[in-house]
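Numbering (this note's numbering), first residue to last: 1 to 140.
In structure tokens:
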């Protein structure tokens, strides 16, 4: 870098990066598993939603730790609908990133063993919202 941060120079840098990516995609030299460019744009919608879920779960865990809500640890199995290993890993890691829940095991058939700090937390995954969003992310 030159140390010059004027908008025109920055724009040229972004443009040249985009051109290199497009050329590499056209040449088919990008391994879709090692560099998952196909999920990049949809992830811009997924991450804010996940951050909001993390905030809500933080509030819930805080209430439980302070004794304002009961702690009722539970284990449950979720059937993931992801078609790729990458999608399954994103789903399992999203569960673990959400406070109060941990992905313990991922089976070959896509079943995930989850420990939750409360029954309500485990039921929150039963509605399948996170699973649906990750499946949409990998279908990008």
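Backbone N, C-alpha and C fix where the C-beta goes; we use that ideal spot for every residue, glycine too.
Rounded straight-line distance, which links the Cα of residue j to that of residue i
i, j, result
"residue 113", "residue 129", "17 Å"
"residue 68", "residue 60", "9 Å"
"residue 131", "residue 109", "15 Å"
"residue 4", "residue 25", "30 Å"
"residue 117", "residue 47", "23 Å"
"residue 91", "residue 123", "16 Å"
"residue 13", "residue 135", "33 Å"
"residue 2", "residue 9", "10 Å"
"residue 106", "residue 6", "48 Å"
"residue 125", "residue 138", "19 Å"
"residue 44", "residue 104", "27 Å"
"residue 39", "residue 21", "14 Å"
"residue 57", "residue 42", "23 Å"
First through last residue of the alpha helix (DSSP H) which encompasses residue i
i, result
"residue 139", "Neither: residue 139 is in no alpha helix (DSSP H) and is coded neither H nor E."
"residue 65", "40-65"
"residue 124", "119-126"
Residue span of the beta strand (DSSP E) that contains residue i, given as start and end
i, result
"residue 84", "Segment: none, residue 84 is in no beta strand (DSSP E) and carries neither H nor E."
"residue 78", "74-79"
Identity of the residues DSSP links to residue i by a beta bridge
i, result
"residue 105", "113"
"residue 27", "Bridge partners of residue 27: none, in fact."
Across the stretch 54-70 and the stretch 97-111, are there enough close Cβ pairs to call them in contact, namely three or more that are closer than 8 Å?
yes
Measuring CB atoms only, is the stretch 70-86 touching the stretch 47-56, in the sense that at least three cross pairs come out at less than 8 Å?
no
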